[in-house]
Structure formats: structure tokens, C-alpha cells
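Note sheet for the following structure.
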Amino acid sequence: MTIDATDRRIGAAGLVETIRAEHEYQRETLCLIAARSIVHPRVAAATQSVFANITTEGYPGDRYHSGSAGADVVERMAVDSACAVFGAAYANVQSHAASTANLTVLTALLAPGDVVLSMDLASGGHLTHVSRPSVTGRFFRGVYYGVRADGRIDLAEVDELAARHRPKMIICGGSGYTRGIDFAGFRRIADRHGCVLVADISHTAGLVAAGLYPSPVPHVHVTTLCTHKQLYGPKGGLILSGPDALVPPPGRTEPLAKILDRAVFPYFQGSPDFGAIAGKACVLDWVRTAEFHRLMRRVRELADLLARRLERGFDLVSGGTDSHMVLVDLRSRGITGRDAERALEAAGILANRNRVPGDTTPARVAAGLRVGTNIAAYRGMTTADFDRCCTGIVDVLENPAAVPGVRAEIAEVMSRYPLEGAL
Ligand code: DSN
């Protein structure tokens, strides 16, 4: 199935046809985009429920519109589940995405022009962590730590940069860092320099929930995440805090929880999306089950298999992975991330270009390729089939002439794995 991206029709019939075509495309495609998952059908139903009809502002028990009792119940449910899943003392479930959650936290805790120390984009940081192309980089002054030659964070470098630049905030976590993070070590540095510590676990939230990746919640002041990358939930963000929620953060007099609630509403947002909040309540309930924990173990198994297969011919940043994703450094192979992404797409395999440590190419080109296993695990791929697909990836990257054969093979393999989702 191919979709004509230049199709400009409008109207219901065209839309229905496009949804069907997209479903067919996703069904027959191997999606290894590390930032994606599949919305669980129960979650999709909750998200599209009558809660999507509600517009109201404020928090449970303190709304600005009548008839909001159901909204109060569903929001409290999502908050309590978020706290239970992540061992948090505080959760705010109203953010529309992790990007807005990050901007909310930055504006809640800093003044314009304050210095923030975060991971640089090429080493795996995120756009909204005060990177230069983002609004966050315009309002705050970013200084950046990278990774060592072995692809790992160097806490001595973080400490040294904090001593030199006196940041008000340190951010850890990102979208291209494949290894575990020493959140307790980051906290020691933050405390030494009197700054607030924020962790963004958008990419690893499912592994954190299943105890397969370190949790920042006991260690950092604020944790942000989204519910659509590794929680198989609706598009949306969460803001969490552990023991620090009940006390003032550095330089403030009010408890952190109060500052964060006020920052989400009324400072940053009006009415939240109650359909999404119902979806968050639903997915956070599922995340606590043995079924979800099994799924996360499978995500890790497939990521390790992917790393073992790709390391035979390619350089992997950090030499492997502790998460769901593998970052391939293509510089020694003479192809760019963009070329690799396009060749794989032609073969029915979706992955995305990503910059790698020390990358001098623009983000649109990038010298690396990021590959992740959330969707392959969710669709129940067997080890044998996933291994065949890994062979296909290697074949395409080594020889563009392999594309038609690999495309046919991927379509055959994926036809045996159903794809849930509304038609
Ligand atoms: N954060 C981007 C990524 O990791 O691809 C998408 O939101």
C-alpha cells in the first residue's frame, strides 16, 4: 500500500478512505520509530468517550464550569494511577504533551534568561530542553553537556559545567540516549550547586514503570513524560514529583506541588483535554498489570537482539542499549541518516534519522539512524521473524538494490501480525 501524499481531496469519503489506507500501510509496515507506540484499543475508546465533550478549567473540586463531577472523578483516577505507577507523591495529568510539560516546568521554576544545563541535541538531548531552535532556548540560556567517547554521560563533566556556569536548573533524559542514567548522581550534583533537577523520561516511561530502567522519581525534583511514546496511551503529558513535591524547591518559599499546579493552570493552559485524561487513566491502569510488564521485557529483548545484529557491520553509539532503542552511527559507512531512513522506508521499514555525538551535519540530514522496538514487541513479533527483519535492515543499508526483495519479505512477515485500531 502506498499513500499519495499530494492528494488534496476534502470530505468524509476521502477521509474514510485515507484512514483505511493508513491502517493498511501501518499493518504491512515494520515500524521501528523509537518515539512511537500503538494506542491500546481500550485506551482509544476512553479517549474518544464523552469525556472528549467536556471543557472546564481548574482542578477536581475547584472548577470554573458546572457539571464537572465526572471530570473530577476521571482526573483524580488518572492522578492516583500516575502516582501509584511511578511511586510519585504528586502528579499533574493536564499537560497536552511532554513538550508543553517541559515548557510549563521551565517557566514555573525559572525567570527569563536563567541558565539551564542540559544534554546537547547531538548527544541525545531533546529540543525542549533549552536547545537553540526551540522557544525554550530563546527564553533561557542553555549550556550543554555531552557524552564521553564511549557514548555515556560523564557526571564529572556535568559537575564541572555546573560549577562554571551556575545553572538554576539541570535537565537529564532525552530522546536519543540509549543507556541508563544515574539519577542519584545527577541529584548530588544539583544539590551541590543549589539547582533544581528535572528528568524527562518520555522515551523510557514504560521501562521505568516496569522496573526495567532506573526511575528518576525518588531522586529528581520534577519528572516529565508523555503518554504516547512508550505507554501506548493518548497524546499527552504528565508532570510528576517524588518527596520534593511537598517542600519548596531551591530559591522558593512555596511547596513544589503548588507551584507546578499553578503553572499548568492558569499560567500555561486553559481547559485540558478530558478525553486524553480519560485515556491516561485507562492506560495507567493497564501499565500496572503483569501483561504490560511482559510487554516491556519483550521490548528490551528485541532491542538487545537488534543491537547484536546491527553491531556486526555498524558502529552503535555506546556499543549497545539499556532501553528500547539503538542509535547507529553511519559515518564510517559513507551514508547519511536521511539516506538510510529513505532506503528503509522504501523497503517498508520505518526508522528515523538522528544526530549522533560529535555530529556536524544538520538535523535534517543527520549522521545516525535511531531504531526502536515498542511497536514490534506490541504486535507480538517472534524472535525468528524479528531476526529476519534485522537481516532486511542490514541488507538495505549495505546494498540499495536489495530494497524490492526486502520490501516483499517485510510485507509477508507483517501480514501475519494484526494491527488494532479504529477503521
Ligand atoms: N521527541 C521526538 C522524538 O523523539 O522523535 C518526537 O516527539
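The working numbering applies: residue 2 is where the sequence shown begins, and numbers increase by one. All residues carry an ideal CB built from backbone N, CA and C; glycine is no exception. Everything numeric in this text was worked out from a predicted model, so none of it was measured.
Unbroken beta strand (DSSP E) run spanning residue i, endpoints
i: residue 429; result: For residue 429 there is no data in the structure shown, the boundaries of the chain being 2 and 424.
i: residue 239; result: 238 to 242
i: residue 1; result: Nothing in the structure corresponds to residue 1, since the chain is present only between 2 and 424.
i: residue 93; result: 91 to 93
7 Å Cβ shell around residue i - same chain, five flanking residues per side excluded
i: residue 387; result: 303, 306 and 377
i: residue 210; result: 86, 87 and 288
i: residue 227; result: 98, 99, 203, 237 and 238
i: residue 200; result: 173, 174, 184, 217, 221 and 224
Contacts around residue i, its chain only, beta-carbon distance under 8 Å, and the 5 residues preceding and following it disregarded
i: residue 256; result: 246, 247, 248 and 249
i: residue 40; result: 48, 229, 233, 234, 235, 280 and 422
i: residue 44; result: 233, 234, 235, 280, 283, 284 and 287
i: residue 1; result: This structure cannot speak to residue 1, because the chain is shown only from 2 to 424.
i: residue 208; result: 214, 231, 297, 300, 301, 324 and 325
i: residue 262; result: 60 and 93
For residue i: DSSP bridge partner residues
i: residue 198; result: 171
i: residue 353; result: 371
i: residue 143; result: 117
i: residue 64; result: 59
i: residue 360; result: According to DSSP, which records beta bridges pairwise, residue 360 is partnered with nothing at all.
i: residue 227; result: 238
i: residue 192; result: None, per the DSSP bridge assignment.
i: residue 330; result: 316 and 369
Proximity to residue i [Cα-Cα], best of the options
i: residue 206; options: 335, 229, 188 and 385; result: 229
i: residue 141; options: 103, 151, 277 and 164; result: 103
i: residue 316; options: 322, 323, 324 and 333; result: 333
i: residue 78; options: 219, 223, 358 and 94; result: 94
i: residue 369; options: 341, 394 and 192; result: 341
i: residue 392; options: 361, 308, 354 and 416; result: 308
i: residue 203; options: 223, 183, 176 and 221; result: 176
i: residue 405; options: 350, 63 and 147; result: 350
i: residue 321; options: 152, 59 and 240; result: 152
i: residue 144; options: 189, 181 and 132; result: 132
i: residue 19; options: 156, 237, 344 and 5; result: 5
i: residue 112; options: 138, 237, 241 and 417; result: 138
i: residue 253; options: 413, 9, 411 and 109; result: 109
i: residue 62; options: 55, 54, 72 and 56; result: 72
i: residue 335; options: 25, 124 and 399; result: 399
i: residue 270; options: 50, 105 and 54; result: 105
i: residue 121; options: 239, 90 and 154; result: 154
i: residue 174; options: 161, 147 and 189; result: 147
i: residue 178; options: 224, 123 and 165; result: 123
i: residue 100; options: 188, 413, 84 and 135; result: 135
i: residue 82; options: 278, 35, 37 and 9; result: 278
i: residue 80; options: 17, 185, 364 and 242; result: 242
i: residue 53; options: 189, 181 and 275; result: 275
i: residue 416; options: 401, 158 and 382; result: 382
i: residue 352; options: 295, 327 and 149; result: 327
i: residue 294; options: 379, 364 and 344; result: 379
i: residue 265; options: 364, 25, 96 and 90; result: 96
i: residue 312; options: 345, 150, 394 and 362; result: 394
i: residue 57; options: 273, 329 and 292; result: 273
Element boundaries [alpha helix (DSSP H), containing residue i]
i: residue 71; result: 70 to 87
i: residue 26; result: 13 to 29
i: residue 165; result: 156 to 166
i: residue 260; result: 257 to 263
i: residue 413; result: 404 to 415
i: residue 248; result: No alpha helix (DSSP H) holds residue 248; DSSP gives it neither H nor E.
i: residue 110; result: 99 to 110
i: residue 340; result: 338 to 347
i: residue 35; result: Where residue 35 is concerned, there is no enclosing alpha helix (DSSP H), given that its DSSP letter is neither H nor E.
i: residue 389; result: 384 to 399
i: residue 45; result: 42 to 48
i: residue 211; result: Element bounds for residue 211: n/a, residue is neither H nor E.
Cut-off 6 Å between Cβ atoms - residues of its own chain near residue i, not counting five sequence neighbours on either side
i: residue 168; result: 116, 117, 118 and 196
i: residue 171; result: 118, 191, 196 and 198
i: residue 325; result: 300, 304, 373, 374 and 375
i: residue 310; result: 391
i: residue 396; result: 403 and 407
i: residue 194; result: 163
i: residue 160; result: 190
i: residue 220; result: 184, 185 and 188
Interface flag, residue i vs chain B, CB-CB below 8 Å
i: residue 290; result: This model lacks chain B altogether, as it is built from one protein chain only.
Item to check | Runs of alpha helix (DSSP H) wholly within the region 270 to 327 (minimum 4 residues, chain order) | outcome: 275 to 288 and 291 to 311
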